[in-house]
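Numbering (my numbering), first residue to last: 1 to 706. For every residue, glycine included, the Cβ atom is placed at its ideal position computed from N, Cα and C.
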């Protein structure tokens, strides 16, 4: 038991990483569709590259989705929507009209009695029944046609010339849609009928009485859209559409090797593929199909693990970075699976190029391309036309990676999105020309999906910020902000230790040029160089570059104490950096820029003054660690060379070359680069770069022979 606990303790990180890979594999397997895959690949307009294909069973020839959609649209044009008529509404409104009529008539007659003769008033009283009957007849006529609610019908009926079916007391009657009224039209019709009748028979001024009745208040909808019946009838019509056109009998030859896949042959091949995969999907949960999927996914995940193990072991040793990569793969797999399942969006709408963009932002191009290939291979298992899908997205991913060579340039992601849309469109047109032989069959809706894909690429901006904060990464945008010399911490360094600040600027220039030439993250090196000596702000007078007079405070200290102060600027720098929440990648430059080297001047001075004493080397040595990356190693070189060059009395070509050679050879001999991914060839190039840059800094001219 103790051995087991000890083993788990020693290998906890490795166990966690393997668990992440296992969990990712299981989730991907759960996302796989249940059916199998047709074993033959084919494309319209290309020769059949397989053996002769004989139908192994009877199967129908399916229509294309476009054909089914066209038939569906044609049938639905003849569809007659159903409405329910409520007869109680007309009775209720007529009763309400009679009551209002009585009230308004009394008021109307009272007004006329004051202005008309008794004979005229008697005439109005005689006409009451005619007016009341007129209003009632008009209302009854309108309700017999039907008043339809705008909200109910205008949103459901596009063709206003169609026939509708009105159901009254379980009796259906067809009626032209134009015969029914909306509330507005019903009111206008009622008022017009009253005006016409009154003008031709009675006093023209009597129309004001009818206006006072507010007829519109009694014209309310009595026709309501019958959602249930309409949907049932519509579904019955759609169900009559045949999804097939013909049959292929078992044993019938479908296509021979070398035969061109014509549109008709393509239709038959697509039909047998659909039927074949559907029949495979009817097998049990655990079968050879499932086993094959397990093997393929495991192969891909093992390849990913081996790639990281051989080329990016540092990532594999970091649970945080490994989790980020596997999470990206899972997110794209889940989104793709849901897209295909619900069939609302096209798979080409999904921005698969986001994966290489995010990986390239936080890591490098080689890893970005490999992860992108893994993602599209996984999704290619269940994507329609898998070869086209993989080819197109492989091209798109490569374009995205190439376009991000300067990822910190403003507007680069917008340019990347444009290039991705252009690449997707070009590949789609190429495949269409191969398959169709012309451009007449181009589905321009696909181009809209590509456009949406490009817009989604722009979400890289917020996603980079989210992942950077969530996984504590360091993007180029953050490095640009940190490398601004107007940052408060750098301004403080310039005020408290101006010599150190100038030294840091020169080191940044040297290191940036060197890492750019040998390959590495130039912006990261520059930013790290600007902050590598911030610990000197605590006691700036103890560092020679900040001493403005000949008085040296070290003259009053013991050599061990002086060494302790000099070495302490690393520890203090780490404290200051973490207090100001600098990223750990920047703190690494502070901790490693002296490695485990000695404070040579004070160590040798101590040996010279006390030759008989056993001087402890540890008292004069930096605590390390040694540089563990190309960037931190180059910074150590640049820091040592720039600081030492200031003490040269004669700065000419030979002395500068000798200085660079001496310092770098000493650090090599001390094993300071043993943990860094840097070669002797790189170091040789760095020597030349430093020599050239120092000559430019000190304005040294090459002496030509006389």
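Looking at the structure shown, is residue 570 part of a helix, part of a strand, or coil, going by DSSP? The residue given as residue 570 occupies position 570 in the chain shown. Judged by DSSP in its simplified three-state form, residue 570 adopts helix.
Would residue 370 pass as a contact of residue 380 if the rule is Cβ separation under 8 Å? Within the chain shown, the letter at position 370 stands for residue 370. Within the chain shown, the letter at position 380 stands for residue 380. Not a contact, by the Cβ cut-off of 8 Å.
Per-residue burial, residue 671 [other beta carbons within 10 Å of its own, 16 or more giving buried]: To locate residue 671, count along the chain shown from 1; it is residue 671. Exposed, because fewer than 16 other Cβ atoms sit within 10 Å of the Cβ of residue 671.
Is it the case that the segment 441-454 contacts the segment 346-354, given that we only count it when at least three CB pairs across the two stretches are under 8 Å? The segment 346-354, when compared against the segment 441-454, does touch it at the 8 Å Cβ threshold.
In chain order, what residues of the same chain lie with their CB nearer than 7 Å to the CB of residue 517, ignoring the 5 residues before and after it? Looking up residue 517 in the chain shown gives position 517. Listed in chain order, the non-local C-beta contacts of residue 517 below 7 Å within the same chain comprise 685 and 689, local neighbours out to five positions each way being set aside.
Opening and closing residue of the beta strand (DSSP E) in which residue 215 lies: What you label residue 215 is simply residue 215 of the chain shown in a count that begins at 1. For residue 215, no beta strand (DSSP E) encloses it, and the DSSP letter there is neither H nor E.
Quickly, what does DSSP pair residue 225 with across the bridge? List them, please. For the purposes of this step, residue 225 is identified with residue 225 of the chain shown, where counting begins at 1. In the DSSP output, where bridge partners are listed per residue, residue 225 has 83.
Simplified DSSP state of residue 13, which is helix, strand or coil: Reading the chain shown from its first residue, position 13 is the one you call residue 13. Reduced to three states, the DSSP call for residue 13 is helix.
Sort 425, 80 and 294 by Cα distance to residue 177 and report the nearest one. Residue 177 sits at position 177 when you count from the first residue of the chain shown. Ranking the options by Cα distance to residue 177, first place goes to 80.
Contacts around residue 707, its chain only, beta-carbon distance under 6 Å, and the 5 residues preceding and following it disregarded: Nothing about residue 707 can be read from this structure; the chain reaches only from 1 to 706.
Could you check what DSSP says for residue 172 in three-state terms: helix, strand or coil? As a first step, residue 172 must be located in the chain shown, where it is residue number 172. Of the three classes helix, strand and coil, the one that applies to residue 172 here is strand, per DSSP.
Decide if residue 342 is buried, meaning its Cβ has at least 16 other Cβ atoms within 10 Å, or exposed. In the chain shown, counting from the first residue as 1, residue 342 sits at position 342. With a threshold of 16 other beta carbon atoms within 10 Å, residue 342 falls short and is exposed.
Nearest neighbour of residue 538, chosen from 582, 502, 364 and 493 [CA to CA]: The residue you call residue 538 lines up with position 538 of the chain shown. Comparing Cα-Cα distances from residue 538 to each of 582, 502, 364 and 493, the minimum goes to 493.
Figure out for me which residue from 404, 244, 338 and 106 has the closest Cα to the Cα of residue 359. Numbered from 1 along the chain shown, position 359 holds the residue referred to as residue 359. With respect to the C-alpha of residue 359, the residue from 404, 244, 338 and 106 having the closest C-alpha is 404.
Measure the Cβ-Cβ separation of residue 479 and residue 504 and say whether it is below 8 Å. Along the chain shown, one-based indexing puts residue 479 at 479. Along the chain shown, one-based indexing puts residue 504 at 504. A distance of 8 Å or more separates the beta carbons of residue 479 and residue 504.
In or out: residue 114 buried (at least 16 other Cβ within 10 Å) or exposed? As a working mapping, residue 114 is identified with position 114 in the chain shown. Confidence is the limiting factor: at residue 114 the pLDDT is only 47, short of 50, which leaves the residue's position unreliable and the question unanswerable from this model.
Only counting the same chain, and skipping five residues up and downstream in sequence, which positions put a Cβ closer than 7 Å to that of residue 682? Here residue 682 corresponds to residue number 682 of the chain shown, with the count starting at 1. Within its own chain, the residues whose Cβ lies closer than 7 Å to the Cβ of residue 682, once the five positions on either side in sequence are excluded, are 518, listed in chain order.
Here's a check: name, in chain order, each residue in its chain whose Cβ is nearer than 8 Å to the Cβ of residue 644, leaving out the five neighbours to either side. Taking the chain shown and counting its residues from 1, one reaches residue 644 at position 644. Cβ neighbours of residue 644 beyond the five flanking positions: 659 and 663.
Alpha-carbon to alpha-carbon, residue 73 and residue 401: Counting from one through the chain shown, the residue named residue 401 turns up at place 401. Counting from one through the chain shown, the residue named residue 73 turns up at place 73. Taking the straight line from one Cα to the other gives about 44 Å.
Do you know offhand how far residue 309's Cα is from residue 302's? Residue 309 sits at position 309 when you count from the first residue of the chain shown. Residue 302 sits at position 302 when you count from the first residue of the chain shown. About 10 Å.
Distance check for residue 195 and residue 96, CA to CA, integer angstroms please. In the chain shown, the residue the question calls residue 96 occupies position 96. In the chain shown, the residue the question calls residue 195 occupies position 195. About 22 Å.
Alpha-carbon to alpha-carbon, residue 227 and residue 88: Taking the first residue of the chain shown as position 1, residue 88 is located at position 88. Taking the first residue of the chain shown as position 1, residue 227 is located at position 227. C-alpha separation (whole angstroms): 21 Å.
Measure the CB-CB distance between residue 54 and residue 248 and report whether it falls below 8 Å. By 1-based counting over the chain shown, the position of residue 54 is 54. By 1-based counting over the chain shown, the position of residue 248 is 248. Contact annotation: residue 54 and residue 248 have beta-carbon atoms that are not nearer than 8 Å.
Between residue 489 and the rest of its own chain, which residues show a CB-CB distance below 6 Å, the 5 nearest in sequence each way excluded? Taking the first residue of the chain shown as position 1, residue 489 is located at position 489. The residues are 580.
Rounded to whole angstroms, what's the CA-CA distance from residue 237 to residue 100? Just pull it up for me. Translated into positions along the chain shown, residue 237 becomes position 237. Translated into positions along the chain shown, residue 100 becomes position 100. In this structure, the alpha-carbon of residue 237 lies about 48 Å from that of residue 100.
Using CA coordinates, which residue listed in 59, 144 and 84 is at the minimum distance from residue 94? One-based indexing of the chain shown puts residue 94 at position 94. Per the C-alpha coordinates, the member of 59, 144 and 84 positioned closest to residue 94 is 144.
Keeping to the same chain, check which residues put their C-beta closer than 7 Å to that of residue 63; ignore five residues upstream and five downstream. Here residue 63 refers to the residue found at position 63 of the chain shown. Answer for residue 63: 243, 244 and 245, listed in chain order.
So the candidates are 82, 65 and 426; which of them puts its Cα closest to the Cα of residue 163? Stepping through the chain shown from its first residue, residue 163 is reached at position 163. Out of 82, 65 and 426, 82 has the C-alpha closest to the C-alpha of residue 163.
Between residue 316 and the rest of its own chain, which residues show a CB-CB distance below 8 Å, the 5 nearest in sequence each way excluded? Walking along the chain shown from the start, residue 316 turns up at place 316. Cβ within range, chain order: 17, 305, 308, 309 and 322.
Skipping 5 residues on each side, what residues in its chain have a beta carbon closer than 8 Å to that of residue 472? For this step, residue 472 is matched to residue 472 along the chain shown. Counting only Cβ-Cβ distances below 8 Å, and skipping sequence neighbours, we find 320, 583 and 584.
Stretch pair the segment 214-227 + the segment 35-49: three plus CB contacts closer than 8 Å: Contact fails: fewer than three Cβ-Cβ distances are below 8 Å.
Could you name the residues of the same chain whose beta carbon sits closer than 7 Å to that of residue 642, not counting the 5 residues immediately before and after it, in chain order? Looking up residue 642 in the chain shown gives position 642. Within the same chain, residue 642 has close Cβ partners 503, 506, 507 and 510.
Could you tell me the alpha carbon to alpha carbon distance between residue 182 and residue 170, rounded to whole angstroms? By one-based count along the chain shown, residue 182 stands at place 182. By one-based count along the chain shown, residue 170 stands at place 170. Taking the straight line from one Cα to the other gives about 23 Å.
Measuring CB to CB, does residue 298 end up less than 8 Å from residue 25? Here residue 298 refers to the residue found at position 298 when the chain shown is read from its first residue. Here residue 25 refers to the residue found at position 25 when the chain shown is read from its first residue. A contact, by the Cβ cut-off of 8 Å.
So, helix, strand or coil for residue 708, using DSSP? Residue numbering for the chain in the displayed model covers 1 to 706; residue 708 lies beyond these limits and cannot be assessed.
Nearest-angstrom Cβ-Cβ length linking residue 476 and residue 523, presumed shorter than 8 Å: Position 476 of the chain shown, counted from the first residue, corresponds to residue 476. Position 523 of the chain shown, counted from the first residue, corresponds to residue 523. The pair is a contact, with the Cβ atoms about 6 Å apart (cut-off 8 Å).
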